[in-house]
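The opening position of the sequence shown corresponds to residue 9 in the working numbering, with each subsequent residue numbered one higher.
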Amino acid sequence: MKIFRDGAAVGALALLIAAAATAQDRPESILPPGFGDPAPTPAPSPAPSSAPRDSTPGAPATVQPLPPGYTAAPLPTPSPTPTATPTPVDLTAYELPDFARRSLAQVGTVGPEAGGLTARAFAGSDGQMVEKLMRRLDAPIPSRWLSIALRRALVSRVDTPAGVNGADFAAERAWLLLRMGEADAARAVVQAVDVADYTPKLFQVAMQAMLATGDPAGLCPLVEPALTVANDTGWLFARAMCAAFAGKGPQANTLLRTASRRTGRSIDALLAEKVVGAAAQGRAVTIEWDGVDRLSAWRLGLATATGVAVPDELLAQGRPQVALWRATAPMIAPEVRAGLADRAAAQGVLSNLALVDLYSEVEAADSGSGPVVTAARDLRGAFTERTTAARLKLLGQLWGGDADRRFRYGRLVLTARAAAQIPVSRDHADAAPMLIASMLSAGLDRRATRWESVATTGDGWAMLALADPRGRDVDSDMIDSYRGSDGSKGQAKARMLLAGLTGLGRVSAANAEELAKPFDVKFGAENAWTRAIDAAAARGDAGTVILLYAVGMQTSDWRGVPPEVLYHGTAALRRVGLGGEARMIAAEAIARS
């Protein structure tokens with residue numbers, strides 16, 4: 009999405025501004041027919057009396073609608089704007105004593121002491137607009153490091169912004185995490201709310217989080233209160249499965265028959281029956297995928313939980329996040345997960361350490377052959393071979409191939425610590441750019457800067473100029489020299505270098521304007537998105553800044569990101585104290601453009 013050159017995008021923004029306070033989008037479910045029928049519109053959820061109210065409405069930003077036929081996970085039905093009207097659901101049977109209840113005024117799982125954002129990360133923004141931006145963001149986004157920052161914002165224990173219910177706000181955060189491929193994080197967020205405080209929207213998202221993690225047992229604490237809100241088929245099947253988990257086989261079979269009357273002997277009913285049979289030691293159920301033309305979260309989640317293989321042709325039809333969910337599912341064999349893990353790492357779902365651990369499992373098994381097993385052995389050799397030349401050769405094999413760009417960047421993440429062990433030497437100058445890109449993909453910036461005496465030109469120099477934690481100014485002549493040698497299409501890398509350096513404050517404003525002229529880049533141009541992210545930065549709303557940055561980066565590839573977006577996003581992150589993330593995103597732009 010080119011928000012600086014696409015007039016249609018600017019027009020869409022104007023429509024968003026006008027419509028923000030009115031109707032919400034009708035969600036589309038990924039559950040099978042009969043599972044995703046919208047529940048009646050619930051009465052408004054009460055806003056907690058302790059929710060912060062000292063907020064200034066944030067400016068909206070350009071968004072893209074969900075693509076036609078989007079079916080990777082159900083979009084939850086939005087709850088109406090909170091008012092003083094109580095939710096017409098009797099949840100007294102599920103209420104905790106007052107001393108044990110968690111407040112909806114602040115929801116999340118990670119505090120600043122554990123790496124989360126501060127509690128006021130969204131507090132100065134209009135809650136309804138933040139929710140709308142989350143709901144309409146087209147994830148996954150192309151940047152690994154921005155995805156990591158967005159995950160951090162969404163799981164942080166933050167104050168609920170004004171105008172929204174805390175449980176609904178948690179639902180929107182979890183739903184975005186699911187679309188990003190962050191199934192475990194989404195589950196943690198929905199579980200950060202007491203069941204007694206769940207809204208219809210949070211029940212819907214919670215079901216998807218449990219299915220995405222392949223854990224139908226996680227639905228059990230939610231089943232009975234969920235059925236008081238909506239008599240959906242999915243929850244009826246969940247009630248049967250949970251009875252089986254509790255050792256109530258006969259009751260489970262009765263409930264299963266009742267739920268099956270709605271769907272007949274469909275693949276969805278058979279998968280639920282297989283869960284019941286496995287839990288209650290009942291009869292075995294054979295799953296046949298003949299005639300099934302669509303993968304849903306229900307089918308994927310229950311198949312994963314019961315060890316049923318999903319046909320490759322169905323998996324291939326899934327949205328990108330389906331592969332990311334499977335890459336982190338412990339029930340799936342390590343060799344299968346490793347085949348998906350490089351893309352998960354490129355997206356920020358898996359860290360370097362998690363990726364290395366997974367490949368180590370594959371290598372330790374010492375079974376079979378194939379690309380994944382070969383890569384696992386090459387990775388081991390990249391750490392253990394005696395000579396630097398041998399280790400570099402293996403690293404080159406891991407980085408090579410004809411795979412897509414996300415896969416190749418995931419391999420850079422995989423090899424980051426092996427790359428950090430290569431001694432700095434001018435003899436390895438040809439490999440320096442890849443070694444630097446690999447180290448920076450895992451945030452090893454100080455180790456990467458050891459190569460500054462070798463990488464004095466080209467991409468290696470550009471990445472170090474952006475990632476250097478010492479924050480030194482960059483000479484204009486060096487930027488001009490890099491532009492002259494940049495062979496990327498449209499000199500995309502040189503444009504990103506200038507944008508990143510300007511946003512990081514390493515090039516003066518006067519020099520930036522002069523250097524930008526040959527690129528037709530206008531850092532001073534304004535539109536609603538630039539005003540929104542600048543205003544959020546001025547308020548110190550780090551969570552809103554990250555979300556708006558992601559909104560500006562809705563494209564399938566780094567090559568579609570305008571340099572102005574990198575500039576404004578980098579500058580805004582710096583202003584809210586996230587300079588490290590700003591440096592890594594800017595360096596990633598060079599590695600992936």
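The beta-carbon is built from N, C-alpha and C at its ideal position, and this holds for glycine as well. If you're wondering where the values come from, they're calculated on a predicted model, not measured in any experiment.
The shortest C-alpha to C-alpha distance from residue 512 to any of 121, 124, 288 and 589 is the one to 589. For residue 396, the closest of 249, 149, 474 and 430 by C-alpha to C-alpha distance is 430. The continuous alpha helix (DSSP H) containing residue 576 extends over residues 571-583.
For residue 209, the enclosing alpha helix (DSSP H) stretches over residues 208-220.
In the three-state DSSP reduction, residue 164 falls in the strand class (E or B).
A distance of 8 Å or more separates the beta carbons of residue 194 and residue 115. Classified as exposed, residue 533 has fewer than 16 neighbouring CB atoms from the shown chains inside 10 Å of its CB. Using a 10 angstroms sphere on the CB of residue 374, the tally of other CB atoms stays under 16, which defines it as exposed. For residue 421, the CB contacts under 7 Å within the same chain, skipping 5 residues up- and downstream, are 353, 354, 360, 363, 449 and 450 in chain order. Within the same chain, no residue comes within 6 Å of residue 495 by CB-CB distance, once the 5 residues on both sides are set aside. Distance from the CA atom of residue 423 to the CA atom of residue 154, rounded to whole angstroms, is 20 Å.
Boundaries of the alpha helix (DSSP H) harbouring residue 140: 135-144, taken from the DSSP string. Among the bridge pairs identified by DSSP, residue 199 is matched with none. As far as DSSP is concerned, residue 259 takes part in no beta bridge. In terms of Cβ geometry, residue 330 and residue 323 form a close pair [threshold 8 Å]. For residue 509 against residue 598, the beta-carbon gap comes to about 11 Å, at or over 8 Å, which does not count as contact.
Looking at the DSSP output, residue 118 bridges to 164. According to the DSSP assignment, residue 340 belongs to no alpha helix (DSSP H), since it is labelled neither H nor E. Non-local C-beta neighbours of residue 267 in its own chain, meaning closer than 8 Å and more than five positions away in sequence, comprise 241, 244, 245, 247, 248, 277 and 280, ordered along the chain. In the displayed model, residue 177 falls within a helix according to three-state DSSP. The DSSP-derived three-state label of residue 428 is helix. Short of 6 Å from the beta carbon of residue 250, and not among the five residues preceding or following it, lie these beta carbons of its own chain, in chain order: 228 and 231. Three or more beta-carbon pairs separated by less than 8 Å are not found between the segment 552-570 and the segment 464-484, which leaves the two stretches without contact.
Under the 10 Å beta carbon count, residue 377 is surrounded by fewer than 16 other beta carbons and is classified as exposed.
Nearest to residue 527 by alpha-carbon distance, out of 507, 537, 535 and 541, is 507. The Cβ atoms of residue 252 and residue 284 sit closer than 8 Å to each other. Three or more pairs of CB atoms, one per stretch, sit closer than 8 Å, so the segment 159-171 contacts the segment 127-140. Under a 10 Å Cβ-count criterion, residue 282 is classified as buried, with 16 or more other Cβ atoms of the shown protein chains found around its own Cβ.
DSSP places residue 595 within a helical segment (H, G or I) once states are collapsed to three. Contact check for residue 225 against residue 211 fails: the beta carbons are separated by 8 Å or more.
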